[in-house]
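Chemist: The listed protein sequences derive, respectively, from chains A and B. Going left to right, the first sequence walks through residues 1 to 369 as the numbering used here numbers them. Going left to right, the second sequence walks through residues 1001 to 1351 as the numbering used here numbers them. By construction, the Cβ of each residue, glycine as well, lies at the ideal position given by its N, Cα and C atoms.
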Amino acid sequence: MSKKTTVKAGSKSAAKKSVKASAKTAVKGSKKASAKADNFGGLSEDLLLRIHDLMVKSRVLEERLIKIYKAGEAYFWIGGPGEEAFGVPLGLLARKGQGPAYDWFHLHYRCTPTMVALGMNMVDSIRLIMNRATDPSTGGRNFANHYCFPQWNVAPVTSPIEVQYPLACGTAHVQKRFGKKALSIVTGGDAGTAEGDFASALILASRKGQELPVLITVQNNKFGISTPFEGQHGETHIADRAKAFNIRARVINGNDPVETYLAMQEEMEYIRKTGKPSFIEAHVSRLYGHSSADGANKKASMVDPVFTFENRLIDAGILTEKAAKKIWEIYEAEGVAAQEQARTEPVPTPESVWEHVYVDSENADWRKF
Amino acid sequence: MASVAQAIRMALHYGETNLGVKDIFGQDVGAPLGGVFTATQGLKTAWNSPLDERGIIGMAMGIAMGGDKCVAEIQFADYIFNTIDLLKIAGNTLWCTNGQVQLPMVVMTPVGAGIFGSVYHSHSFDAWASRLPGWKIVMPSNPLDAYGLMLAAIKDPNPVLYLKSKALMRHKGDELIPGEPSDEKELKAMIDKPVQNAEGWKPRWPDLEEYIVPIGKGKITHEGEHITVVTYSRMVHLCDEVAHKLAGEGISVEVIDLRSIYPYDWQMIKSSIEKTGRVLFVNEDTEVTNFGEHLAYRATQELFYQLMARPRVLAGKNLPGIGLHPNLEKNSVPQLHDIETAIREVVAEVP
Ligand SMILES: Cc1ncc(C[n+]2csc(CCOP(=O)(O)OP(=O)(O)O)c2C)c(N)n1
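(1) Using a 10 Å radius around the Cβ and a threshold of 16 neighbouring Cβ atoms, would you call Ile1220 of chain B buried or exposed?
(2) Since Cys1096 of chain B meets chain A, which of its residues come closer than 7 Å, beta carbon to beta carbon?
(3) Taking Val214 of chain A as the reference, which of A:Gly224, A:Leu202, A:Ile225 has the closest Cα?
(4) Could you pull the start and end residues of the alpha helix (DSSP H) that Glu63 of chain A belongs to?
(5) Under a Cβ-count criterion, where at least 16 other Cβ atoms within 10 Å of its own Cβ denotes burial, should Thr1300 of chain B be classed as buried or exposed?
(6) Helix, strand or coil for Asn1283 of chain B per DSSP?
(7) Which chain A residues sit within Cβ distance under 7 Å of Gln1102 of chain B?
(8) For the stretch 180-205 of chain A, which residues have a beta carbon sitting closer than 7 Å to at least one beta carbon of chain B?
(9) Counting only Cβ pairs nearer than 7 Å, list the residues of chain A close to Pro1157 of chain B.
(10) Please classify Leu1258 of chain B: does DSSP put it in a helix, a strand, or coil?
(11) Nearest to Pro100 of chain A by CA position, among A:Val154, A:Gly80, A:Ser137, A:Met302, is which residue?
(12) Find the nearest neighbour of Lys222 of chain A within the set A:Ala199, A:Ala263, A:Asn253, judged by alpha-carbon distance.
(13) So is Met1 of chain A in contact with chain B if we call contact Cβ pairs under 8 Å?
(14) Determine the burial state of Leu167 of chain A: buried for a count of at least 16 other Cβ atoms within 10 Å of its Cβ, exposed for fewer.
(15) With respect to the alpha helix (DSSP H) encompassing Tyr959 of chain B, which residues constitute its N-terminal and C-terminal limits?
(16) Quick one, are the C-beta atoms of Leu204 of chain A and Pro1159 of chain B less than 8 Å apart?
(17) Less than 8 Å separating the beta-carbons of Leu1336 of chain B and His356 of chain A?
(18) Find the nearest neighbour of Ala1002 of chain B within the set B:Phe1116, B:Gly1250, B:Gly1117, B:Glu1186, judged by alpha-carbon distance.
(19) Is Pro160 of chain A near ligand 1, with its Cβ less than 7 Å from a heavy atom?
(20) What residues in the stretch 1046-1065 of chain B bring their beta carbon closer than 7 Å to a beta carbon of chain A?
(21) I want to verify the contact list: residues of chain A whose CB lies under 8 Å from the CB of Gly1067 of chain B, in sequence order.
(22) Of all the CB atoms in chain E, is at least one closer than 8 Å to the CB of Leu1086 of chain B?
(23) Under 7 Å from any heavy atom of ligand 3, does the C-beta of Glu230 of chain A make it?
(24) Counting Cβ pairs closer than 8 Å, one from the stretch 1255-1264 of chain B and one from the stretch 1130-1150 of chain B, do we hit at least three?
(25) Between which two residues does the beta strand (DSSP E) holding Cys111 of chain A run?
(26) Helix, strand or coil for Cys1070 of chain B, going by three-state DSSP, please let me know.
(27) Closer than 8 Å, CB to CB, is His356 of chain A near chain B or not?
(28) Quick check: is the beta carbon of Gly1030 of chain B nearer than 8 Å to any beta carbon in chain A?
(29) Which residue comes first and which comes last in the alpha helix (DSSP H) that contains Val1095 of chain B?
(30) With the cut-off set at 8 Å, would you say Lys1022 of chain B and Lys1069 of chain B are in Cβ contact?
(31) Out of curiosity, what's the CA-to-CA distance linking Pro1178 of chain B and Gly97 of chain A?
(32) Start and end of the beta strand (DSSP E) containing Lys1164 of chain B?
(33) If you draw a straight line from the alpha carbon of Ser159 of chain A to that of Asn1283 of chain B, how long is it in whole angstroms?
(34) Check Asn311 of chain A in the structure and name its three-state DSSP category.
(35) State the Cα-Cα distance for the pair Phe1037 of chain B and Glu1209 of chain B, rounded to the nearest angstrom.
(36) Does any residue of chain B bring its CB to less than 8 Å from the CB of Lys31 of chain A?
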């Protein structure tokens, strides 16, 4: 997919070459040849299987969310099928915890894979899309995939595109002061980079002598709802814009979890070591279109990162078809059970509108002043 | 006596020394300038941000989310408009997360007319601010309140907008801030950056004490029997002046300095209107749609049968801008004579 991936030389490791080789062999489908050629960048089999497992889990969950929407049990769906190969490694690599010693996530609405990799249960995503009072992110107040998990420093996902970028600089500033080498991670779409907040973040993160430990990422799926990449971008790579700020930047194939894992690992290490920002543009698929607004139907023309990776693992003899099938079945059953459970759970009460306008639910209703 | 700018500076110093403020930032907030109105001179945590209002608010939200206290400044409220959706998000974050994510941050910005600042240095923001649920909004009218409201804002666990009148920045009050030296010159020598040879200058801060003006509590600045005038910020002084003048003619005006726009001190307004039977709301934001209209609406709903006259709102004219020439500015925002005329009219009305 990405032929010339590196904007500023990052990794020149053998790992990268072998990843490219593997993509070719996977297409050819030559089992023997790929089993030899594909060393998966040196990642352990355990890790590869874990990544695969989480990618499947995320996909099954998202497809369940779409089904819930289509069955009329939710008002809206938006999510991240097609971004598993990017999102799962991101969630696995981050330093997970609460407070400035741990990494912060400023995610957008396509980040279910990252949440699954962090350990989110399916039922919690389903509670969110079904607007249950038990939804841990928003208490039934917000859209699908607008996650918020303070226990893992997952900032609330906001609907306005791109505002998360300067916020990431704010948490990174706090982390830098705290001095435990934690970093802030921000994700967003390619179209959203037209918003000024994107430029704000590049500026805030890169001021000389005051650089911030922030991993700035863009998931380039080539679309902003219906505006194609060419309709907005004159630049060749979005990552080139980071270069203009002396921010280390690279373009990766975000549909390949191995390439993503290695690149992200390298960039995170760089940030922790230097306290400076780094930028990753990841090319990903948008498998079910924009959202329920444009039908949420699967696009056969796009690369499916989950199946591509699964086939690669099977070709390499790391996974069997039978074992793979089992994984899908287990998660499918978990999703169905989670939906059934969420269905029985309470919805927010009308009176609860006044809760949490102010801290400790201090009176917000002017009629009662 | 300290000026409002000095009071804010001292409050911020108290905040960074005693209340955990770790960042005071915005355009020209740090050295060498220390704020275009000098309100941030000499503060140890003050730093200069890029010229980017959205970046400033976004950064402040991130700092608050990350667990640190900050006070961010927008150089003039006239330039806060391009951050309006960020302010909206800051105000809704606690609600959207069902109470999980607090954003304890202060945003301060100079507002309003009165300095002949023309179209882009005279905007008001109180009416806009009143439509940002989740924020608390304060507007001090004098140095002691400026100090006490800033401390309250810093201590509050919610986002607080601190709207400071440009025209009041050099205004001096008649009450000392606890710990402030009584000699103005001494204070100046201690905390004002010298105009010349400021290289290496460091302030000597007085031994300041905690003094809180609770958010949501107004103050009666002039007691009266015949009419209630509800106002805030710069207009307090104009209303007080008119009240003094009319007292000589036997018209007794009660002036309420609201001090907080949200939450606001309805109990104080209510008991005053119950006493006087007449009310005028005065502020300088544009009249359509004005925060005073909300208060007038409420007064009508709750106190209709106790009113002797129609409640009135005197506000800035509904114009796209405030022109630079004094004829234009003075015919755009309420002046002494406008307030006087309005009071006379309401008092003269017979049910
Ligand atoms: C500030 C803002 N403008 C418009 C929208 C409506 N909107 C929602 S998603 C979207 C497209 C975003 O495209 P991109 O940034 O490429 O991300 P993608 O959805 O493709 O992952 C738009 C325009 C919004 N949410 N926020």
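Modeler: Taking the coordinates as given:
(1) Within the second sequence, residue 1220 of chain B is the residue found at index 220, counting from 1. So Ile1220 of chain B counts as exposed.
(2) Locating residue 1096 of chain B in the second sequence gives position 96, where the first residue counts as 1. Result: Thr138, Arg141, Asn142, Pro156.
(3) Walking along the first sequence from the start, residue 214 of chain A turns up at place 214. That would be A:Leu202, whose Cα lies nearest to the Cα of Val214 of chain A.
(4) For the purposes of this step, residue 63 of chain A is taken as residue 63 along the first sequence, with counting starting at 1. Counting along the chain, the alpha helix (DSSP H) containing Glu63 of chain A begins and ends at 45-70.
(5) In the second sequence, counting from the first residue as 1, residue 1300 of chain B sits at position 300. By the neighbour-count rule (16 or more Cβ atoms within 10 Å), Thr1300 of chain B is not buried but exposed.
(6) One-based indexing of the second sequence puts residue 1283 of chain B at position 283. Three-state DSSP puts Asn1283 of chain B in a strand.
(7) For the purposes of this step, residue 1102 of chain B is taken as the residue at position 102 of the second sequence. By Cβ distance, chain A contributes Val359.
(8) Going along the stretch 180-205 of chain A in chain order, one finds Gly196, Asp197, Ser200, Ile203, Leu204 with a Cβ nearer than 7 Å to chain B.
(9) Position 157 of the second sequence, counted from the first residue, corresponds to residue 1157 of chain B. When 7 Å is used as the limit between beta carbons, Pro1157 of chain B is near these residues of chain A: Val359, in chain order.
(10) Against the second sequence, residue 1258 of chain B aligns to sequence position 258. Three-state result, Leu1258 of chain B: coil.
(11) The residue given as residue 100 of chain A occupies position 100 in the first sequence. It is A:Val154.
(12) Locating residue 222 of chain A in the first sequence gives position 222, counting from the first residue. Of the candidates A:Ala199, A:Ala263, A:Asn253, the one whose C-alpha sits nearest the C-alpha of Lys222 of chain A is A:Asn253.
(13) One-based indexing of the first sequence puts residue 1 of chain A at position 1. At Met1 of chain A, the pLDDT of 37 sits below 50, so the modelled position is not reliable; the number obtained from the coordinates is stated separately. For Met1 of chain A, the closest Cβ of chain B is not nearer than 8 Å.
(14) For this step, residue 167 of chain A is matched to residue 167 along the first sequence. Its Cβ being crowded by 16 or more others within 10 Å, Leu167 of chain A is buried.
(15) Because residue 959 of chain B is not part of the residues shown, which for chain B are 1001 to 1351, the question remains open.
(16) Taking the first residue of the first sequence as 1, we reach residue 204 of chain A at position 204. Taking the first residue of the second sequence as 1, we reach residue 1159 of chain B at position 159. In this structure, Pro1159 of chain B does not lie closer than 8 Å to Leu204 of chain A by Cβ.
(17) In the second sequence, the residue the question calls residue 1336 of chain B occupies position 336. In the first sequence, the residue the question calls residue 356 of chain A occupies position 356. No, Cβ-Cβ distance for Leu1336 of chain B and His356 of chain A is not below 8 Å.
(18) Counting from one through the second sequence, the residue named residue 1002 of chain B turns up at place 2. That would be B:Glu1186, whose Cα lies nearest to the Cα of Ala1002 of chain B.
(19) Here residue 160 of chain A refers to the residue found at position 160 when the first sequence is read from its first residue. Flag set: Cβ of Pro160 of chain A near ligand 1.
(20) Pro1050, Asp1052, Arg1054, Gly1055, Gly1058, Met1059, Ala1060, Met1061, Gly1062, Ile1063, Met1065
(21) As a working mapping, residue 1067 of chain B is identified with position 67 in the second sequence. Ordered by position in chain A, the residues that pass the 8 Å Cβ test against Gly1067 of chain B are Gly99, Pro100, Val174.
(22) Checking the listed chains, one finds no chain E in this structure; the protein chains it contains are A and B.
(23) Absence of ligand 3 from the depicted structure is noted, with ligand 1 being the only ligands included.
(24) yes
(25) Locating residue 111 of chain A in the first sequence gives position 111, counting from the first residue. Unbroken run through Cys111 of chain A: none, as it is neither H nor E.
(26) To locate residue 1070 of chain B, count along the second sequence from 1; it is residue 70. Strand, per DSSP.
(27) Along the first sequence, read from residue 1 onward, the residue named residue 356 of chain A stands at position 356. Yes, contact with chain B.
(28) Residue numbering aside, residue 1030 of chain B sits at position 30 when the second sequence is read from its first letter. So, not an interface residue.
(29) Residue 1095 of chain B sits at position 95 when you count from the first residue of the second sequence. Here residue 1095 of chain B turns out to be Trp, not Val, going by the sequence shown. Element bounds for Trp1095 of chain B: 1084-1096.
(30) Start at 1 with the first residue of the second sequence, and residue 1022 of chain B comes out as number 22. Start at 1 with the first residue of the second sequence, and residue 1069 of chain B comes out as number 69. Going by C-beta atoms, Lys1022 of chain B is nearer than 8 Å to Lys1069 of chain B.
(31) As a working note, residue 1178 of chain B is residue 178 in the second sequence. As a working note, residue 97 of chain A is residue 97 in the first sequence. Straight-line Cα distance between these residues: approximately 43 Å.
(32) As a position in the second sequence, residue 1164 of chain B is number 164, starting the count at 1. Here the beta strand (DSSP E) through Lys1164 of chain B covers 1160-1165.
(33) The sequence position of residue 159 of chain A within the first sequence is 159, counting from 1. The sequence position of residue 1283 of chain B within the second sequence is 283, counting from 1. Answer to the nearest angstrom: the Cα atoms are 34 Å apart.
(34) Residue 311 of chain A sits at position 311 when you count from the first residue of the first sequence. Correct three-state label for Asn311 of chain A: helix.
(35) Within the second sequence, residue 1037 of chain B is the residue found at index 37, counting from 1. Within the second sequence, residue 1209 of chain B is the residue found at index 209, counting from 1. Using only the alpha carbons, I get a separation of about 23 Å.
(36) Translated into the one-based positions of the first sequence, residue 31 of chain A becomes position 31. Residue placement at Lys31 of chain A is poorly supported in this model, since its pLDDT is 49, which falls under 50; the coordinates are not used for a value here.
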